[in-house]
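Residues 1 to 352 (UniProt numbering) make up the sequence shown, in order.
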Amino acid sequence: MTLPLCVIGAGSIGQRHIEVAGLSDHVRLTAVVEPNAGLRDQLAQTGLPMVAALDDVPADTRAAIIATPTQDHALSGAACIARGWATLVEKPTAGTLDAARALVTQADTAGVPLFTGHHRRCHPFSIAAREALAQIGDLVGVQGLWSLRKHTTYYDADWRRAPGAGPLLTNLTHEIDLMRFLVGEMLEASALLSSAQRRFVIEDTASIAFRFANGALGSFLISDAGASPWSFEAASHENPAIAGSDQDYLRFVGSDGALAFPSLTRWGRSGPGEIEWSKPLTKLPGQSFPRIDPLLAQIDRFAAVVNGAADDVLCTGADGIKAMEMTLAAALSGHRGHPVKAGDVPGNYTGV
Ligand SMILES: NC(=O)c1ccc[n+]([C@@H]2O[C@H](COP(=O)([O-])OP(=O)(O)OC[C@H]3O[C@@H](n4cnc5c(N)ncnc54)[C@H](O)[C@@H]3O)[C@@H](O)[C@H]2O)c1
1 MTLPLCVIGA GSIGQRHIEV AGLSDHVRLT AVVEPNAGLR DQLAQTGLPM
51 VAALDDVPAD TRAAIIATPT QDHALSGAAC IARGWATLVE KPTAGTLDAA
101 RALVTQADTA GVPLFTGHHR RCHPFSIAAR EALAQIGDLV GVQGLWSLRK
151 HTTYYDADWR RAPGAGPLLT NLTHEIDLMR FLVGEMLEAS ALLSSAQRRF
201 VIEDTASIAF RFANGALGSF LISDAGASPW SFEAASHENP AIAGSDQDYL
251 RFVGSDGALA FPSLTRWGRS GPGEIEWSKP LTKLPGQSFP RIDPLLAQID
301 RFAAVVNGAA DDVLCTGADG IKAMEMTLAA ALSGHRGHPV KAGDVPGNYT
351 GV
């Protein structure tokens with residue numbers, strides 16, 4: 001059954017959700033809510049069903065995608081859930097853990113599905129990586145490197161140089177959700193921050209260590225000042241504004257071998273007996289997958305779940321909170337100078 005759905009907020013990511021809603025066979029766009037009159041009129045001229053407020057959304061609507069500024073997610077989310085609409089809210093779920101938890105509780109109480117827009121999970125190679133990881137034995141650790149040099153004019157807007165706008169809160173949160181998706185729960189983070197390159201008050205580079213509940217450890221270098229071919233976006237070509245490189249940027253090591261991501265190149269047993277350092281490992285190429293639009297895959301999955309399908313890929317509201325919590329733990333650790341456990345992040349902490 002085609003899902004009648006509205007998109008709330010027609011800014012940069014909202015327009016991508018509108019685009020994929022138009023491409024999907026599984027949803028029907030009933031309305032786009034946009035309070036900015038100029039933008040609303042401009043988009044209405046392209047034939048989109050623009051409205052100024054939530055109250056103007058047609059009554060047959062059953063679901064919403066919220067793509068408003070983060071500070072509004074709690075308000076718009078509560079209004080959608082109160083209407084009984086299945087809701088997919090952009091990441092982060094809300095501005096604080098307290099607000100995100102209130103939203104998830106409201107959805108659970110009302111029996112309304114709530115998801116967070118960590119769309120990287122929806123790539124076929126992300127889904128296949130879970131099976132590939134099972135083939136490298138007990139997971140020992142993961143090493144990640146995300147470094148893209150953002151253009152200088154990116155920082156012309158004042159808010160992009162203000163506390164909270166650095167790569168930790170802007171970019172690392174997707175990495176944390178993906179690592180949780182692939183490896184499992186994360187317990188604590190320890191971070192070092194540097195602003196030596198751009199010399200803003202916000203970090204341009206961070207080095208973070210993570211502990212996972214299964215005993216594995218992780219380390220991650222993230223920078224928006226270092227030019228490199230290593231990032232999810234460059235590896236996946238998912239963002240037309242970011243040049244592709246086809247290079248792996250995550251490496252998993254296990255007791256029986258290793259896996260590079262996203263190529264899923266695997267290093268494993270070359271012969272019988274104990275796997276140990278005197279024996280070479282055999283390199284096995286990963287399966288190749290067609291490039292997809294992950295936002296289209298996400299909206300299709302969302303529609304299927306609302307219509308009753310089971311799904312273990314989409315980021316639930318609870319998953320979204322966990323990703324927020326570890327991102328904030330990393331930020332708090334960087335600012336305080338000591339490791340921070342997930343449960344020790346204050347509910348009202350905004351990461352600055
Ligand atoms: N998943 C991703 O990769 C990804 C990428 C970019 C942004 N985001 C997230 O998406 C959200 C939006 O980011 P953006 O860059 O598109 O912002 P944006 O500023 O480009 O767009 C936000 C839009 O929402 C509108 N708006 C504001 N209040 C509203 C309300 N109450 N009801 C309806 N519309 C309202 C604004 O007028 C604006 O058009 C943020 O939370 C951001 O973190 C996620």
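Each residue gets a CB set at the ideal place from its N, CA and C atoms; glycine is no exception.
Ligand 1 site residues, beta-carbon cut 6 Å against heavy atoms: 8, 9, 10, 11, 12, 13, 14, 33, 34, 35, 36, 39, 67, 68, 69, 70, 72, 76, 90, 91, 117 and 119
Per DSSP, the bridge partner or partners of residue 6: In the sequence shown, the residue the question calls residue 6 occupies position 6. Residue 6 pairs with 31 and 64.
Limits of the alpha helix (DSSP H) - the one that residue 38 falls within: Taking the first residue of the sequence shown as 1, we reach residue 38 at position 38. Looking at the DSSP string, the run of the alpha helix (DSSP H) that includes residue 38 is 37 to 44.
Cα-Cα separation, residue 254 to residue 187: The residue labelled residue 254 in the question sits at position 254 within the sequence shown. The residue labelled residue 187 in the question sits at position 187 within the sequence shown. Rounded to whole angstroms, residue 254 to residue 187 spans 19 Å at the Cα level.
Cβ-Cβ separation, residue 70 to residue 95 (assumed contact under 8 Å), whole Å: On the sequence shown, position 95 is the one that residue 95 refers to. On the sequence shown, position 70 is the one that residue 70 refers to. So it is a contact: roughly 5 Å between Cβ atoms.
Within the region 261 to 315, ranges of the alpha helix (DSSP H) (whole runs, at least 4 residues): 294 to 306
Ordered list of beta strand (DSSP E) runs contained in the region 79 to 128, each at least 3 residues: 86 to 89 and 114 to 116
Completely contained alpha helix (DSSP H) runs for the UniProt domain "GFO/IDH/MocA-like oxidoreductase" (132 to 257), where each covers 4 or more residues: 173 to 183 and 232 to 236
Cβ-based burial, residue 146 [other Cβ within 10 Å; buried from 16]: Locating residue 146 in the sequence shown gives position 146, where the first residue counts as 1. It is buried - the Cβ of residue 146 has at least 16 other Cβ atoms within 10 Å.
N- and C-terminal bounds of the alpha helix (DSSP H) containing residue 14: By 1-based counting over the sequence shown, the position of residue 14 is 14. 12 to 23 is the span of the alpha helix (DSSP H), which, as asked, contains residue 14.
contact_flag[the region 338 to 349, the region 134 to 141] where n(CB pairs < 8 Å) is 3 or more: no
Where residue 324 falls: helix, strand or coil (DSSP): For the purposes of this step, residue 324 is identified with residue 324 of the sequence shown, where counting begins at 1. Of the three classes helix, strand and coil, the one that applies to residue 324 here is helix, per DSSP.
Beta carbon of residue 251 nearer than 8 Å to that of residue 260: For the purposes of this step, residue 251 is identified with residue 251 of the sequence shown, where counting begins at 1. For the purposes of this step, residue 260 is identified with residue 260 of the sequence shown, where counting begins at 1. Against a cut-off of 8 Å, the Cβ pair of residue 260 and residue 251 comes out as a contact.
Three-state secondary structure assigned by DSSP to residue 259: By 1-based counting over the sequence shown, the position of residue 259 is 259. Strand at residue 259.
Residue 50 burial status per 10 Å Cβ neighbour count (16 or more: buried): Residue mapping note: residue 50 aligns to position 50 of the sequence shown, counting from 1. That one is buried.
Backbone CA spacing between residue 173 and residue 127 [nearest angstrom]: What you label residue 173 is simply residue 173 of the sequence shown in a count that begins at 1. What you label residue 127 is simply residue 127 of the sequence shown in a count that begins at 1. Spanning the two alpha carbons is a distance of roughly 19 Å.
Proximity of residue 238 and residue 294 at Cβ, strictly below 8 Å: Taking the sequence shown and counting its residues from 1, one reaches residue 238 at position 238. Taking the sequence shown and counting its residues from 1, one reaches residue 294 at position 294. Yes, the Cβ-Cβ distance between residue 238 and residue 294 is below 8 Å.
Identity of the residue in 346, 197, 212 and 240 nearest residue 227 by Cα: Along the sequence shown, read from residue 1 onward, the residue named residue 227 stands at position 227. Looking at the Cα atoms, 197 is the closest of the given residues.
C-beta contact flag for residue 166 and residue 208 at 8 Å: The count along the sequence shown starts at 1 and reaches residue 166 at position 166. The count along the sequence shown starts at 1 and reaches residue 208 at position 208. Contact: no.
Residue 143 beta carbon less than 8 Å from that of residue 236: Your numbering for residue 236 matches position 236 in the sequence shown. Your numbering for residue 143 matches position 143 in the sequence shown. For residue 236 and residue 143, no; Cβs fall outside 8 Å.
DSSP bridge partner residues for residue 51 (one or two, in chain order): Indexing the sequence shown from 1 puts residue 51 at position 51. Partner(s): 33.
Contact check, residue 317 vs residue 107, beta carbons under 8 Å: Indexing the sequence shown from 1 puts residue 317 at position 317. Indexing the sequence shown from 1 puts residue 107 at position 107. In contact: residue 317 and residue 107 (Cβ atoms closer than 8 Å).
Cα-Cα separation between residue 290 and residue 229, rounded to whole angstroms: Here residue 290 is taken as the residue at index 290 of the sequence shown, counted from 1. Here residue 229 is taken as the residue at index 229 of the sequence shown, counted from 1. The alpha-carbon atoms of residue 290 and residue 229 are separated by roughly 21 Å.
Contacts around residue 81, its chain only, beta-carbon distance under 8 Å, and the 5 residues preceding and following it disregarded: Counted from its first residue, the sequence shown places residue 81 at position 81. Correct list, in chain order: 87, 103, 106, 107, 110, 112 and 114.
Residue burial classification, residue 287 (beta-carbon count within 10 angstroms, cutoff 16): The residue you call residue 287 lines up with position 287 of the sequence shown. Exposed, since its Cβ has fewer than 16 Cβ neighbours within 10 Å.
Short Cβ contact (8 Å threshold) for residue 31 with residue 299: Here residue 31 refers to the residue found at position 31 when the sequence shown is read from its first residue. Here residue 299 refers to the residue found at position 299 when the sequence shown is read from its first residue. Not in contact: residue 31 and residue 299 (Cβ atoms no closer than 8 Å).
Straight-line gap, residue 245 to residue 264 (C-alpha atoms, nearest Å): In the sequence shown, counting from the first residue as 1, residue 245 sits at position 245. In the sequence shown, counting from the first residue as 1, residue 264 sits at position 264. So the two alpha carbons sit approximately 16 Å from each other.
From 90, 65, 28 and 151, residue whose alpha carbon lies closest to that of residue 243: Numbered from its first residue, the sequence shown carries residue 243 at position 243. The shortest C-alpha separation from residue 243 is found at 151.
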